[in-house]
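One structure is given below, encoded as structure tokens.
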């Protein structure tokens, strides 16, 4: 019990020291009671305990390091979002920069006047009559953006005092940019709306940065695939979205004797193999599939499809491709087993789908290296 206590809660140095002291006590004081064979067995067991503890501690440090990095990214994303929500006072300071333009829309004439920066961004006249028709007829403007702008104009007509929207607009360069739109409705002496005045601020860089941070919080930082949380969220959502005739198929790939690769070729070789496996799974994945790393040497693929055989053929390709992985010129003997399961209605839970694929993987492992096992939707798990 004392040894287990040390290995579970003590720091590595103290845990191994505790293990060594107990071993010495056994050898020095109890040697005469036990045979030499029992002493040798105890010695081997003690060494294995120390080795297992060291390997688990090493992997725990890697996982904790990744977790801290993801937390840092999440904190940065939170801070970015916080800074992105500008107060009106901060917004006034931004107006001193060159990445904004002003406008005034006359309600009665349906005519809009932009500042000179409008032409720089969009190569269009600063004075646009019949602005509502202009928006409706713009072929390069997405339908949802047209509807947003037209609703904004309608709200100005209704006297809505202040509006704030984000627009995704086509630029004269052929690309598209994000703009922060802010509109204030101006009233006459009878408190009737007569115009909308406001600004367009280029926020493309901020939006891209936020998008990048959001993507990083969903990624497994070692392989670049989706992390466990992201793939599980996707699975929960897709189960609720299944249509008639569709299934959500889950594939779990687990390496065979991955520890042997680390032991025989070193951890750099093991890291190389994991990254190669991740690249193969992603490159060969069917269109629409989501690929994630569940942790360690276990990977998952989720695919909405109408034919489970598509994923079975994909699994056969993966078995072959993984077996061809090399470390330099050396054949590391990489192989994997694959379990497949499928859900055919929104009555399934993600846990049940995962359990089906995991059970199939277990059966594949029992058959040997490089095996595939598949649970059909109607099969008992």
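Numbering (my numbering), first residue to last: 9 to 389. Just so you know, even glycine gets a beta-carbon here, dropped at the ideal spot from N, CA and C.
Sequence-distant residues of the same chain with beta carbon closer than 7 Å to residue i, five excluded per side
i	result
residue 249	none
residue 290	233, 299
residue 226	234, 235, 238
residue 245	none
Residue i and residue j closer than 7 Å at C-beta
i	j	result
residue 266	residue 340	no
residue 282	residue 74	no
residue 372	residue 345	yes
residue 186	residue 277	no
residue 120	residue 139	yes
residue 191	residue 171	yes
residue 302	residue 208	no
residue 189	residue 179	no
residue 127	residue 134	yes
Three-way DSSP call (helix, strand, coil) for residue i in this model
i	result
residue 149	coil
residue 75	helix
residue 119	strand
residue 360	helix
residue 347	strand
residue 246	helix
residue 94	With a pLDDT of 49 at residue 94, under the threshold of 50, the predicted position of this residue should be treated as unreliable, and no value is reported.
residue 141	helix
residue 280	helix
residue 217	helix
residue 275	helix
Minimum C-alpha distance to residue i - residue among the options
i	options	result
residue 8	76, 244, 245, 350	With the chain covering only 9 through 389, there is no way to say anything about residue 8.
residue 318	332, 330, 294, 128	294
residue 153	173, 77, 137, 53	173
residue 8	124, 315, 247	It is not possible to answer for residue 8, since the shown part of the chain is limited to 9 through 389.
residue 181	132, 80, 48	132
Contacting residues, own chain, Cβ-Cβ under 8 Å from residue i (five flanking each side not counted)
i	result
residue 326	261, 288, 289, 292, 344, 346
residue 251	none
residue 361	243, 247, 256, 258, 349, 350, 351
Beta-carbon contacts of residue i that lie in its chain and below 6 Å, excluding the five residues immediately before and after
i	result
residue 379	345, 372
residue 286	231, 233
residue 96	The predicted position of residue 96 is uncertain, since its pLDDT is 45 and thus under 50; a value taken from the coordinates is nonetheless stated next. Cβ within range, chain order: n/a, list empty.
Inter-stretch contact (C-beta, 8 Å, three-pair minimum) for the region 259 to 273 and the region 321 to 335: yes
Inter-stretch contact (C-beta, 8 Å, three-pair minimum) for the region 225 to 244 and the region 303 to 322: yes
Validate contact between the region 163 to 175 and the region 190 to 205 using beta carbons, cut 8 Å, 3 pairs: yes
At least three beta-carbon pairs within less than 8 Å, the region 192 to 199 to the region 146 to 160: no
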